[in-house]
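Here is the structure we will look at, set down as structure tokens.
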Amino acid sequence: MGNGIKVSKKLHEKYGPISRIAPDEISVADASGIRKMLSSFRYKKSRKFEHVKVYHQSIFSTSDETFNKMRRRQIAPAYSHAGLDTVEDVIMENGIISLKKYLDSEIEKGNGVSTINYINAFQNLTSDVIGSLTFGKSFNAMGNNGHPIVTAVNRGRRLSTVTLVFPFISDILSLFPAIINAKKLIIGYSLNVMDERKLAIQEGSYKTGKADILQIYMDAVNTTSGKKLSKEELIDEMIITLIGGTDTTSLTMTWLIHIYMLYPQIYKKVCDEVLEQFPDRSKPIRHHEAKQKLPYLVASVYECMRLRGVSASGTFRETPAEGVELCGYNIPKGVDVSLYFEGAHHDSKIWENPQSFNPDRFMGPEGEKMKKEVLVFATGIRICPGRNLAWYEILTVIPNLIRDYDISLPEGSIYTPKNLDPTRNNEPVIIDDIDLIIRKPRYEKRDCNIVVKHRTFD
192 MGNGIKVSKK LHEKYGPISR IAPDEISVAD ASGIRKMLSS FRYKKSRKFE HVKVYHQSIF
252 STSDETFNKM RRRQIAPAYS HAGLDTVEDV IMENGIISLK KYLDSEIEKG NGVSTINYIN
312 AFQNLTSDVI GSLTFGKSFN AMGNNGHPIV TAVNRGRRLS TVTLVFPFIS DILSLFPAII
372 NAKKLIIGYS LNVMDERKLA IQEGSYKTGK ADILQIYMDA VNTTSGKKLS KEELIDEMII
432 TLIGGTDTTS LTMTWLIHIY MLYPQIYKKV CDEVLEQFPD RSKPIRHHEA KQKLPYLVAS
492 VYECMRLRGV SASGTFRETP AEGVELCGYN IPKGVDVSLY FEGAHHDSKI WENPQSFNPD
552 RFMGPEGEKM KKEVLVFATG IRICPGRNLA WYEILTVIPN LIRDYDISLP EGSIYTPKNL
612 DPTRNNEPVI IDDIDLIIRK PRYEKRDCNI VVKHRTFD
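In this text, residue positions in the sequence shown follow the working numbering: the first is 192, and each later residue adds one.
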């Protein structure tokens with residue numbers, strides 16, 4: 192369990208772009224094959240995902256075309272650039288501003304320097320952001336160094352991973368009290384939030400005018416029935432939004448910081464760009480400014496997503512009744528196709544020296560074309576609806592963090608620029624990972640620490 196990426200890599204190295212992984216399952220590592228399986232509702236989401244739910248199907252788990260289109264139309268305003276512009280202050284307040292308060296406090300306690308676990312800090316940050324947007328209020332996980340809901344979300348993600356591999360687990364959840372308690376906690380919290388929102392509307396204290404995910408879903412009408420979403424449907428959507436909005440962004444930033452620490456010359460180039468473009472530390476760097484003025488930093492994010500994408504495997508599609516041709520093979524009906532994104536991201540036919548970390552591949556006109564080859568948010572009709580939110584968080588957190596703080600590896604770190612990997616052209620060894628639907632560092636308490644102090648200027 193948790194080694195899906197490593198197993199897929201070995202299989203594709205031995206058998207090529209198509210590999211059989213079970214009697215009725217194959218894995219595809221070819222970019223064109225992956226795009227094909229994501230291009231049309233003909234290739235339905237695998238029935239494996241029917242078990243990834245609380246009550247009903249959700250925007251994540253559904254294989255129904257009509258339902259998926261309906262949910263995407265309903266939630267689209269919240270994730271559009273126009274919608275996110277209305278909540279950028281919320282994203283900033285619960286994101287980088289909250290992180291800076293935490294770092295400043297820790298640095299003060301340490302007399303000018305502190306060692307922090309950045310994966311934990313980033314998860315607390317993204318939990319607070321998505322909590323504010325989905326539930327209308329922050330969990331204050333950053334201020335309290337965690338929250339029971341964040342713990343429950345982690346357990347929910349692990350459960351989702353297990354049920355994808357062993358669907359029968361969903362029928363015996365009573366044997367896992369920790370999972371049951373986590374489920375009850377999230378459901379109870381969701382119900383309380385909905386009741387509070389209804390009361391606020393009745394009393395006239397709820398302020399409109401921003402892209403509020405909770406309110407969008409509460410106001411939405413199911414076109415299939417003409418009725419508003421039930422409490423159970425709301426809970427399913429809120430939970431999947433919470434899980435999806437917490438882990439993918441926090442882990443992308445985690446991998447990015449780790450890789451920066453392994454490549455000091457690239458990190459210096461990123462820092463120089465940020466400091467040159469935004470020297471005034473009294474003004475926070477906002478999303479649109481970063482996107483426009485920091486092309487090399489943006490390129491480094493794309494390269495991180497390519498080299499260590501958080502969604503590297505575990506996405507399944509089912510072949511239709513007429514079958515499908517993939518990579519020159521005729522695949523019969525009813526076969527689950529695992530989309531091995533890492534294979535596409537490391538395909539030497541697309542990427543020069545694919546094992547190397549090189550942000551320059553995403554610079555200039557050719558770089559703009561290559562950005563379309565990064566599939567971490569998927570593509571086609573099931574592209575991640577929250578991808579814009581992820582960029583808002585990344586491009587407000589990372590530039591401000593770099594400009595205002597000096598970060599470095601603690602003494603005794605195992606993974607350093609000098610610890611070289613012969614399988615990666617003698618570039619630095621990247622920390623070991625575990626694949627639980629999303630890819631995360633295996634030993635996060637040991638390997639995800641940085642020394643932080645305020646940046647000084649000559």
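Ideal Cβ placement from N, Cα and C applies to all residues, glycine included. Keep in mind it's a predicted model, so treat the numbers as computed, not measured.
Open item on the list: Can you look up A267 in the DSSP assignment and give me helix, strand or coil?
Closed with: helix
Task: Beta-carbon contacts of H537 that lie in its chain and below 6 Å, excluding the five residues immediately before and after - done: P545
- [ ] Under the assumption that E635 contacts I310 (Cβ atoms under 8 Å), give the Cβ distance between them as a whole number of angstroms.
- [x] 5 Å
Task: N315 - DSSP class collapsed to helix/strand/coil - done: helix
Open item on the list: Relative to the C-alpha of E584, which candidate in G514, R637, A481 and T510 has its C-alpha closest?
Closed with: A481
Open item on the list: Just to confirm the assignment, what range does the alpha helix (DSSP H) spanning P556 have?
Closed with: G555 to K562
TODO: For N591, count neighbouring C-beta atoms within 10 Å of its own C-beta (all shown protein chains included) and say buried if the count is 16 or more, exposed if not.
DONE: buried
Open item on the list: For T317 and S441, which I take to be in contact (beta-carbon distance under 8 Å), what is that distance rounded to the nearest angstrom?
Closed with: 4 Å
Open item on the list: As a quick exercise: from Y451, I605, D595 and I457, pick the residue whose alpha carbon is nearest that of S473.
Closed with: D595
Task: Residues that DSSP places opposite A220 in a beta bridge - done: Answer is none; A220 lacks a bridge partner.
- [ ] For the region 318 to 346, list the alpha helix (DSSP H) runs that are entirely contained and at least 4 residues long, ordered along the chain.
- [x] Runs found: 332 to 335.
Task: is_contact[G207, chain D] using C-beta, thresh 9 Å - done: Reference to chain D is not applicable here, since this structure consists of a single protein chain.
- [ ] Could you pull out every residue in the same chain whose Cβ sits closer than 6 Å to the Cβ of L498, ignoring the five residues on either side in sequence?
- [x] F548
- [ ] Give me the Cβ distance between I371 and I250, rounded to the nearest whole Å; I'm assuming they're in contact under 8 Å.
- [x] At roughly 24 Å, the Cβ-Cβ gap does not stay under 8 Å, so I371 and I250 are not in contact.
TODO: Indicate the three-state DSSP secondary structure (helix, strand or coil) for A581 in the structure shown.
DONE: Residue state, collapsed to three classes: helix.
Task: Uninterrupted beta strand (DSSP E) stretches inside the region 366 to 400 (no shorter than 3 residues) - done: Taking only runs of at least 3 residues, no beta strand (DSSP E) segment lies wholly in the region 366 to 400.
- [ ] Quickly, what does DSSP pair R630 with across the bridge? List them, please.
- [x] Within the DSSP secondary-structure output, R630 pairs in a beta bridge with D626.
Task: Element boundaries [alpha helix (DSSP H), containing A273] - done: From DSSP, the alpha helix (DSSP H) with A273 extends over H272 to D276.
Task: 8 Å contact criterion, which F507 and S210 should meet: CB distance rounded - done: Incorrect: roughly 14 Å between the Cβ atoms, too far for contact.
Open item on the list: For P455 and C462, I'd like the C-alpha separation in whole angstroms.
Closed with: 10 Å
- [ ] Look at the alpha carbon of G207 and the alpha carbon of K524, and state the distance between them as a whole number of angstroms.
- [x] 21 Å
TODO: Report the three-state DSSP secondary structure of I209 (helix, strand or coil).
DONE: DSSP places I209 in the strand class (E or B) of the three-state scheme.
TODO: Following the continuous beta strand (DSSP E) through Y521, name the residue where it begins and the one where it ends.
DONE: The question names Tyr, yet the displayed sequence has Asn at residue 521. Where N521 is concerned, the enclosing beta strand (DSSP E) stretches over Y520 to I522.
Task: Outcome for G177 when other beta-carbon atoms lying within 10 angstroms are tallied against a minimum of 16 - done: With the chain covering 192 to 649 only, the question about residue 177 has no answer from this structure.
Open item on the list: Between the alpha carbons of E241 and E424, how many angstroms are there, rounded?
Closed with: In a straight line, the C-alpha of E241 is about 14 Å away from that of E424.
TODO: Just the C-alpha distance for L229 and V528, rounded to the nearest angstrom, thanks.
DONE: Straight-line spacing of the CA atoms in L229 and V528 works out to 11 Å.
Open item on the list: Taking only three categories from DSSP, how would you classify E543?
Closed with: coil
Task: Test item: CB-CB of I261 and T445 under 9 Å - done: The question names Ile, but residue 261 is Met in the sequence shown. No, the Cβ-Cβ distance between M261 and T445 is not below 9 Å.
TODO: Sort T443, L600 and I426 by Cα distance to F568 and report the nearest one.
DONE: Of the candidates T443, L600 and I426, the one whose C-alpha sits nearest the C-alpha of F568 is T443.
- [ ] Starting from L517, follow its DSSP beta bridges and name the residues at the other end.
- [x] Y520
Open item on the list: Is I282 a contact residue of the ligand FAD, with contact defined as CB to any heavy atom under 8 Å?
Closed with: Within the structure as shown, the ligand FAD is missing, as the structure has no ligands at all.
Open item on the list: Measuring only the C-alpha atoms, how far is K235 from S252?
Closed with: 11 Å
Open item on the list: Please identify the residue among E464, V643, I621 and K644 whose C-alpha is closest to the C-alpha of R633.
Closed with: Looking only at E464, V643, I621 and K644, the smallest Cα-Cα distance to R633 is reached by I621.
TODO: Could you name each continuous beta strand (DSSP E) segment of 3 residues or more that falls completely within the region 443 to 516, going from the start of the chain to the end?
DONE: 506 to 509
Task: Residues of its chain near I605, where Cβ-Cβ distance is below 6 Å and the 5 sequence neighbours each way are ignored - done: The beta carbon of I605 sits closer than 6 Å to no other beta carbon from its chain once the five residues preceding and following it are set aside.
- [ ] Output yes or no for whether 9 Å exceeds the beta carbon distance between R346 and A369.
- [x] Taking 9 Å as the cut-off, the Cβ atoms of R346 and A369 count as close.
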